[in-house]
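Asker: Chains as they are written, first to last, in our numbering: chain A, 199 to 351; chain B, 166 to 897.
Heads up, the beta-carbon is just placed ideally off N, CA and C, and yes, glycines get one too.
I'd like to ask some things about the structure below.
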């Protein structure tokens, strides 16, 4: 079946099974590999993308349900909040292996767009679903606070 | 890993290996390549290693001014690429914007791990900085001398008048050139045979607090390539159905339905299971679901972890099979002690559960050579395995070392599991296409190679003054190295990886016996970040706290009194205690615990500050002190202590891999539960200033957080957690 997916402002027409998760459609068919596979069960957040602005686990979203939505991936996330978060991530050396960080950045950007001055509790709540096996959580929290500070200035 | 060898690490051994190297260089396609090669195979204890290949080396300077460092060390996230780059930039005088680092492999003469004796290339045991400290500084210094010689000749000025910095050479006359401009000429200059590296007082990169990792930005943008992201022309993706019980094999199968799934191209049997090959991952997963397989379980492990641990508890009460350490007469000392204390500690199997599930890619080229991409933690061994499966010579196999999404020891496996699978599947389809084998999370969780389960039995004796006079520790569990290429590490019946951290405790106790009983269980096990110290630190440091309490002593003062012969350990513990305010009362409702541990030649102390909330422990603040020798990258050291603390904390709180009738119960992160952000404490790291050769930080941040938390919980309510994970005790 053919599906039309709007990803990062570009429409891709894919002839794939309706149940193929958006994650694998992006990675294996379209070639957008910035979004990572970690669990396939919405347990780790490595595959987080924005669907109409809402952070969503792409491993659990079949292409048939992704049609008609505006999907943004780590490759296409733009704007002041995203740029600030990504800059802070490098300035504070947040990543270690980096594998989960696409998802962490997407979750952090969504949080800061909703809540420009999140508390530790807000961060813990919003990013609870994003596992980091290197446990960079300490710097993720610091990074979000620093990004909030820079965005306020 | 390879703890026996690592235990021998000292500055003198590094010095002698340094002297064993001569410099070599080569002019390659328009640039300068500098490598060091051993003076002879004998000098570094190497046998049968291939001759140094002039087209491989340590760094390459291209005419476009790019400096590419070829890393002997595999980067699974802890930052060795950045560490090696720091060493090279320091000596070469390069600018960070020029720098890239690539994994290298295929020449143990160049890349053999010096701390392990130099014979094979490998990453582990937190050795990356120790093996690289001299090697990569010398490579940088040699390249710099050759660039200066080229500039001196070009400009007709004495080399001594040329300054180097920021990727440029300059002379007082106003002449200047980039590295790239003179790289080709530099390659023709004589190779310095005895380079002088900078004095510590001249360092601007090593020890620089402001330096940040050169590779963070791409990771924040999702452009950092991992093995899972690799796409070769015509590549197929395979998933493998593994037997549900360890040791089982395929008896029969029917792939008819699998082959009907759109995108599935092949169903093939390989030695490790059944592979479903497809155009994409989703098709492969669906194809595997449609497989019918019957397994031959005649050789399989059929016990559950409950039965395995019950057997261990029974053995722990018996005399040990082998002695790991024996000083004085602990039995006699116990008999005459004023008071004896006994306790048993239990540790479950643990999964590495790195974020990037295991994978590898194999391709046979038209000329019969093979290329294998993956997280090659021990590339020489994987090269041999790949060659053997493909039926070619090892030198016909190129190993591409990819950066990887975590590892924690899981990618150093003697039988090369996922790498063997990739080559086997490619072979099974006649090498007609490149093949990526990609494990799912469930494959990764159930694919074996766990931190072994262990039971520790302790007995301690106190004299009438409350002095610790006798210590007995019996450890029961599986050997990690038995039946692997590293089996030679077992000495006198003792696998050092089972007892490290318990047999070498720094405390001055006159009568001490540490024994080991190695069990025969067919659950595959492996080194797991910090290896033996993942259980020995918890057991020893918790039990020592129990003993201190029985003696009526403060845990800090009790330890310090036992550390009189170990000033390095005492200094680390003192720093952590001072910075945590140990001698001042904790805030209301807060309780502190501390622990000290040496692993991989680094010494770390943790002080944890906790509260009990609704009967459950909450860790608020952690103070860490670390002595890892010269601090090459202070910020990376902090990051490793922070991450190691979180990794270790998660493991003791709620990580447990269980088996029922030989089958693993957990499959994903919903049932196997590493630390999440809400449980991450605030971590403060203090580095002990040192002029000793660097040791490592990838693992040493892990061991002592667990017992520090356990000791704080005991301080909060007297409850002593002796069975991990803690979630069992708290019913969470």
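Once you ignore the five residues that flank residue 875/B on each side, which residues in its own chain have a CB closer than 6 Å to its CB?
Answerer: Here the set comprises 707 and 886.
Asker: Between residue 387/B and chain A, is there a C-beta pair that is closer than 7 Å?
Answerer: Residue 387/B counts as touching chain A.
Asker: Using the C-alpha atoms, what's the distance from residue 204/A back to residue 210/A?
Answerer: Cα-Cα distance, rounded: 6 Å.
Asker: Whole angstroms is fine: what's the gap from residue 888/B's alpha carbon to residue 709/B's?
Answerer: C-alpha separation (whole angstroms): 16 Å.
Asker: Just checking: is the beta-carbon of residue 288/A within a distance shorter than 7 Å of some beta-carbon in chain B?
Answerer: Yes, residue 288/A counts as interfacial toward chain B.
Asker: Tell me which same chain residues have a C-beta within less than 7 Å of the C-beta of residue 175/B, skipping the five on either side of it?
Answerer: Since pLDDT at residue 175/B reaches only 34, below the 50 mark, its modelled position is unreliable, and no value is offered.
Asker: So, residue 294/B versus residue 248/B, is the Cβ gap smaller than 7 Å?
Answerer: It is a contact, given that the beta carbons lie within the stated cut-off.
Asker: Quick one: measure Cβ to Cβ for residue 518/B and residue 610/B, integer angstroms, because I've assumed they're closer than 8 Å.
Answerer: That belief holds up - the Cβ atoms of residue 518/B and residue 610/B are roughly 7 Å apart, short of 8 Å.
Asker: Could you name the residues that DSSP lists as bridge partners for residue 822/B?
Answerer: Its beta-bridge partners are 514/B.
Asker: Can you list the beta strand (DSSP E) stretches of 3 or more residues lying completely in the stretch 234-308 of chain B, in chain order?
Answerer: Counting whole runs of 3 or more residues, the stretch 234-308 of chain B contains the beta strand (DSSP E) stretches 264-268.
Asker: Please go through the same chain and pick out, in chain order, the residues whose beta-carbon is closer than 6 Å to the beta-carbon of residue 137/B, but skip the five residues on each side of it.
Answerer: Since the first residue shown for chain B is 166 and the last is 897, residue 137/B is missing from the structure and cannot be characterised.
Asker: Would you list, in sequence order, the uninterrupted beta strand (DSSP E) runs of no fewer than 3 residues that lie entirely inside the stretch 237-264 of chain A?
Answerer: Within the stretch 237-264 of chain A, the complete beta strand (DSSP E) runs of at least 3 residues are 246-249 and 252-255.
Asker: Use the C-beta contact count for residue 270/A: other C-beta atoms within 10 angstroms, 16 or more gives buried, fewer gives exposed.
Answerer: So residue 270/A ends up on the buried side.
Asker: In whole angstroms, give me the CA-to-CA distance for residue 286/B and residue 385/B.
Answerer: The alpha-carbon atoms of residue 286/B and residue 385/B are separated by roughly 30 Å.
Asker: So, does the CB of residue 609/B fall closer than 7 Å to a CB anywhere in chain A?
Answerer: So no, residue 609/B is outside the interface.
Asker: Thinking C-beta only, is residue 689/B closer than 7 Å to residue 512/B?
Answerer: No, Cβ-Cβ distance for residue 512/B and residue 689/B is not below 7 Å.
Asker: Could you tell me the distance, in whole angstroms, from the CA atom of residue 423/B to the CA atom of residue 404/B?
Answerer: One C-alpha to the other measures close to 12 Å.
Asker: Identify the continuous beta strand (DSSP E) that holds residue 786/B and give its terminal residues.
Answerer: First-last of the beta strand (DSSP E) with residue 786/B: 781-792.
Asker: Give the interface partners of residue 848/B over in chain A, defined as CB-CB distance under 8 Å, in chain order.
Answerer: Under the 8 Å cutoff, chain A gives 336.
Asker: State yes or no: is the C-beta of residue 830/B within less than 7 Å of the C-beta of residue 823/B?
Answerer: The answer is yes: Cβ separation under 7 Å.
Asker: I'd like to know if the stretch 524-538 of chain B and the stretch 611-629 of chain B are in contact, where contact means that at least 3 CB-CB pairs between them fall below 8 Å.
Answerer: No, the stretch 524-538 of chain B does not touch the stretch 611-629 of chain B.
Asker: Count the other CB atoms, across all protein chains shown, that sit within 10 Å of the CB of residue 644/B; report buried if there are 16 or more and exposed otherwise.
Answerer: Answer is buried; the Cβ neighbour count reaches 16.
Asker: What are the partner residues of residue 200/A, as DSSP defines its beta bridges?
Answerer: Per DSSP, 213/A.
Asker: Residue 776/B lies in the beta strand (DSSP E); which residues open and close that run?
Answerer: Counting along the chain, the beta strand (DSSP E) containing residue 776/B begins and ends at 767-778.
Asker: Just the Cα atoms here: how many angstroms apart are residue 218/A and residue 199/A?
Answerer: Spanning the two alpha carbons is a distance of roughly 11 Å.
Asker: So if DSSP puts residue 680/B in a beta bridge, which residue, or which two residues, is it bridged to?
Answerer: 488/B and 639/B, per the DSSP bridge assignment.
Asker: Please state the DSSP three-state secondary structure of residue 461/B.
Answerer: It is a strand residue.
Asker: Put residue 365/B into one of helix, strand or coil per three-state DSSP.
Answerer: DSSP places residue 365/B in helix when its eight states are reduced to three.
Asker: Does chain A have any CB closer than 7 Å to the CB of residue 189/B?
Answerer: Legend: pLDDT at residue 189/B = 48, less than 50; position of this residue unreliable, value from coordinates given subsequently. Not one chain A Cβ lies under 7 Å of residue 189/B.
Asker: Counting C-beta neighbours from all protein chains within 10 Å, is the total for residue 848/B 16 or more, i.e. buried, or is it exposed?
Answerer: Flag for residue 848/B reads buried.
Asker: Let me check one thing: in DSSP terms, what residues is residue 431/B bridge-paired to?
Answerer: Paired residue(s): 442/B.
Asker: Check whether the stretch 652-667 of chain B touches the stretch 676-689 of chain B, taking contact to mean three or more Cβ pairs, one atom from each stretch, closer than 8 Å.
Answerer: The stretch 652-667 of chain B vs the stretch 676-689 of chain B: in contact.
Asker: Report the rounded CA-to-CA distance for residue 407/B versus residue 289/A, giving the unit in angstroms.
Answerer: Between residue 407/B and residue 289/A, the C-alpha separation is close to 43 Å.
Asker: Going by C-alpha to C-alpha distance, which of 311/A, 238/A, 240/A and 337/A sits closest to residue 291/A?
Answerer: Checking every option, the nearest Cα to that of residue 291/A belongs to 337/A.
Asker: Kindly indicate which three-state DSSP category residue 660/B falls into: helix, strand or coil?
Answerer: Strand, per DSSP.
Asker: With three or more beta-carbon pairs closer than 8 Å as the criterion, would you say the stretch 254-269 of chain A touches the stretch 341-352 of chain B?
Answerer: No, the stretch 254-269 of chain A does not touch the stretch 341-352 of chain B.
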